[in-house]
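One structure below.
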Amino acid sequence: MDRHAPFWLICGKRLLAVSAVLSFLSFTSCRPSDIASRFKSGANKQEGLNSSSLFLFERSPSAALSNQKILSTENLDRLVPKSKHVFSGILDSRSALMGSKLILQYSHFNLSAPTFYSWAGQDVYWKDNPDYRAFFAYYYSTKSIDYIDGLLGSLKTAGLILSNQVAWGENMMSGATFVAPNVFPLLLSVDNSKLPSGVNSFVTDTGYCPIFNSNFRVDGEGSCLSWSNVSALSPTDREAAFFGDNAYLFKKISFYRDSDRPSFNNVDDADVVAHEMFHVVQDAIVPDVLASTPGVNLQMDALFEGTADFFVGGPEQRHGYG
Amino acid sequence: MGRYHHFNLYGLIPDAFVGTLGGTTRDIDNTLTFPNAYLDSPHDLGRIVSGALYDLVWVSSGNTLDVFPSESPCPFADLNCSVQMGSQTKAQAYDNVLELVLLSFAKLEATPSAENVTFSGFSKLMLDSCDALATWCTRSSFTKILEARGLKTIHNWYIGTDTAAAPQNEHLAKFGDDPVARGIILPDTLGWIPFRPGGSSSFANDDQYVDPCEAIIVFPNVTNSSNLLGFDSAPTNIADSWSTTAEKFRGTPIYEIVYQIVSTPLGFSSFKHPTYQAYVEPWTGVAGADVKGIPYLAAGESIKELAEDEESRIFGIYNNIEFDSPQSSKSANSASNLYKLRTPIGWLFKAPSSGGDQMVLEFSVKYKSFDAHLLKEFSIFNDTDNGDIQTISQTLEVDNTSNSFCN
């Protein structure tokens, strides 16, 4: 204590010290509600890790809301409920999201990806969140792949498809060495709005499509659902799927209505993912035809697109989208 | 069909339109058929494919589908348009149909022929796959679905040498006199061949001139130079086309002559004798099933070429034939009715007696695609200026330097 200090000053300092202590205590105190919240969050994360789950929109926002007109510009995080999605095949939950068949990356400029650990058990928000797209793409792509695996397996078991006819499933189902190049691991780049300089649009370079050097993309209307030859962008011997984001103000991808369901649209749409994944299937099963017909043979192109449309109903019917 | 036309299709076929207008959808549960719902976009056109596959799911999961709900009678040979295949769960039905698709793709990769990369060819592959998956799939029922969707009967449609051209379809509907341009070529000169009953005639010769009083058969001078190859260039007999076992079909750009003789120095009407009409002879089929069908002009053919070939389907002279004016295809539900459908395309004339006289024939050409199996006409294209019907006059001038048959 400063013996020469005036009394009022000494008292003032004491008061300030007491006030500071009280303030500190008020900030650091563990109130019962906070404890519960943190405990719940921790429990959710643990449960998410145990069950390999987190929360995303189910199928699509427009499907969830039965509203075809909903746009991505709306507050979907508030409007659309999320549901628990159980993930499979993740190689390491603490590493960048990757499975035996899928590799995720944010973009061609950002080759990283979120870890499952960071979002395990959490409600993954959608708005401007590339992590959401990464998980969404991984989940529904895996769903499609697993479904196709089962169908191809049935055909092979029945002896209707020979092993060397379908490069797609060789290493997955039997682990056998195969001669034909395999489409896996499939690279999913979830933000195709970030293009290298000099590349304005993927769709400007349509035409001949190298079998294992092609890209599938999903984005806004008009140019959506096309594949293009973007060899400069594509990792060698890998399929790459692109799932676009906010390149378009109005994202209207509207298709795939089951007879008892409303049609819907949105870029964050499991049906769009499944549709594009079926193009990957086609690339694996009919590589020569797929490589030779785009833009040349309208009928064949329509067969590819129509079957990809139809495919969407399969995993939806068989496995659900939740 | 160019982009401009494509986006204006909304005004023409709003039900089939998919584009940027509100409320559009790519819906696998649709009733779109080819080629009525044709759009120059693989995604839009693909809806017909997905719709057909969904039909298969529908009928194999306990439901019944009337594949021609607006057709009466049902155009199939068994007069049964109600298709039902099984009663599986919808999920199982999806699995099955997707397996069928995958199997068909595997077959396609094994045999990527020019035919198999068409709707028709791939439909056949799917039917073969159906046979392989016969525990749930019935070929005859699936065939009806594919035919009703217009997928099975289209053969080489759009497989031509200039498919890279854009817009790709406008020129197919062109009428004109440009031999280079794709489309229906209508020169100003009338078509004709010498009339020589039994292979010879004292009333005609083989030179390239129309002589005074020469006996000639006159016909519209029409060439189909489009690359719309039609449903098949080698049709089988009509009897087979009534059954689901037929493998080849004929539906092509056809012409239909609506004839009117407008002027002639000799009065053409007096020469229009039923006995000497030259009829379209659609084709010669197997024994007992000949002379049936509907006139057509396949891609690459000209009436003149067919008329000069006595073995061709187009040339024939018949007596005592009951002739009706062209009927709607729907009424042609029997072989006998088909027999009546032959359309007169040419007339026997005695040429004018004076050199320099002109014969003028006015007629119209209707440009349609025709599916001979379903007996349905399709109007795919519209000429920008004229629609799908063109009226034209063609003229033939009598030569004034060569022989005369007037005496």
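These protein sequence lines map, in sequence, to chains Z and R.
So for the first sequence, the numbering used here puts the first residue at 140; every next one is plus one.
So for the second sequence, the numbering used here puts the first residue at 1208; every next one is plus one.
Beta carbons are placed, not taken as given, at the ideal position from N, Cα and C, and that holds for glycine.
Query: Less than 8 Å between the C-beta atoms of Z:F449 and R:S1268, yes or no?; Result: no
Query: Please say whether Z:F194 and Z:L221 have beta carbons closer to each other than 8 Å?; Result: Looking at the sequence itself, residue 221 of chain Z is Lys, so the reference to Leu does not match. Yes; because the gap between Cβ atoms is below 8 Å, this pair is in contact.
Query: Taking only beta-carbon atoms, is Z:D285 less than 8 Å away from chain R?; Result: no
Query: Please determine, among R:E1306, R:S1320, R:A1321, the residue with the shortest C-alpha to C-alpha distance to R:M1333.; Result: R:E1306
Query: Z:M439 versus chain R: which residues are under 7 Å apart at the beta carbon?; Result: V1324
Query: Check each residue of the segment 1255 to 1280 of chain R: if its Cβ is closer than 7 Å to any Cβ of chain Z, include it; give the result in chain order.; Result: I1255, V1256, S1257, L1260, Y1261
Query: Hey, does R:I1352 have any beta-carbon neighbour from chain Z nearer than 8 Å?; Result: no
Query: So if DSSP puts R:F1430 in a beta bridge, which residue, or which two residues, is it bridged to?; Result: Going by the sequence as given, residue 1430 of chain R is Thr instead of Phe. Beta-bridge pairing links R:T1430 to R:I1392, R:S1509.
Query: Taking the C-alpha atoms as reference points, what is the distance between R:G1357 and R:A1259?; Result: 10 Å
Query: DSSP has Z:K240 in a bridge; who is on the other side?; Result: The partner list for Z:K240 (beta bridge, DSSP) is empty, contrary to what the question assumes.
Query: State the DSSP-derived secondary structure class of R:T1550, mapped to helix, strand or coil.; Result: Note that R:T1550 scores a pLDDT of 41, beneath 50, so its modelled location is shaky; the value from the coordinates is reported in the next line. Here R:T1550 sits in coil by DSSP.
Query: Exposed or buried, R:K1351, counting other C-beta atoms within 10 Å across all chains shown (16 or more means buried)?; Result: buried
Query: By the 7 Å beta-carbon criterion, what residues does the segment 1327 to 1357 of chain R contribute toward chain Z?; Result: F1329, A1339
Query: Which residues in the same chain as R:S1330 place their Cβ atom closer than 8 Å to its Cβ, once the five residues preceding and following it in sequence are excluded?; Result: L1353, L1358, K1359
Query: Which value, in whole angstroms, describes the spacing of the CA atoms of Z:K184 and Z:M237?; Result: 19 Å
Query: Are the C-beta atoms of Z:F274 and some chain R residue less than 8 Å apart?; Result: no
Query: I want to verify the contact list: residues of chain Z whose CB lies under 7 Å from the CB of R:F1312, in sequence order.; Result: Q421, I424, V425
Query: Three or more C-beta pairs under 8 Å: does that hold for the segment 1291 to 1306 of chain R against the segment 288 to 299 of chain Z?; Result: yes
Query: So who's on the other strand from Z:L193, going by DSSP bridges?; Result: Z:H224
Query: Quick one, which of R:S1347, R:L1603, R:D1606 has its alpha-carbon nearest R:F1283's?; Result: R:S1347
Query: Taking the C-alpha atoms as reference points, what is the distance between R:N1610 and R:E1512?; Result: 24 Å
Query: In angstroms with no decimal places, state the Cα-to-Cα distance between R:M1292 and Z:P200.; Result: 35 Å
Query: Please decide whether R:L1309 counts as near chain Z, where near means a Cβ-Cβ distance under 8 Å.; Result: yes
Query: Alpha carbon to alpha carbon, what distance is there between Z:D422 and Z:I300?; Result: 16 Å
Query: Any idea what DSSP makes of R:S1347, helix, strand or coil?; Result: helix
Query: How many angstroms separate the CA atom of Z:A379 from the CA atom of Z:W265?; Result: Annotation note: pLDDT 42 at Z:A379 (below 50); position unreliable, no value reported.
Query: Distance, Cα to Cα, R:Q1601 vs R:C1613?; Result: 24 Å
Query: Starting from R:G1398, trace the alpha helix (DSSP H) both ways and give me its first and last residue.; Result: No alpha helix (DSSP H) holds R:G1398; the beta strand (DSSP E) holding it covers 1398 to 1401.
Query: Could you tell me the boundaries of the alpha helix (DSSP H) in which R:G1558 lies?; Result: The sequence as given places Ala at residue 1558 of chain R; Gly does not occur at that position. Taken as a continuous stretch (DSSP letters only), R:A1558 belongs to no alpha helix (DSSP H), as it is neither H nor E.
Query: Would you call the CB atoms of R:L1632 and Z:L442 closer than 8 Å?; Result: Limits of chain R in this structure are 1208 at one end and 1614 at the other, which puts residue 1632 of chain R out of reach.
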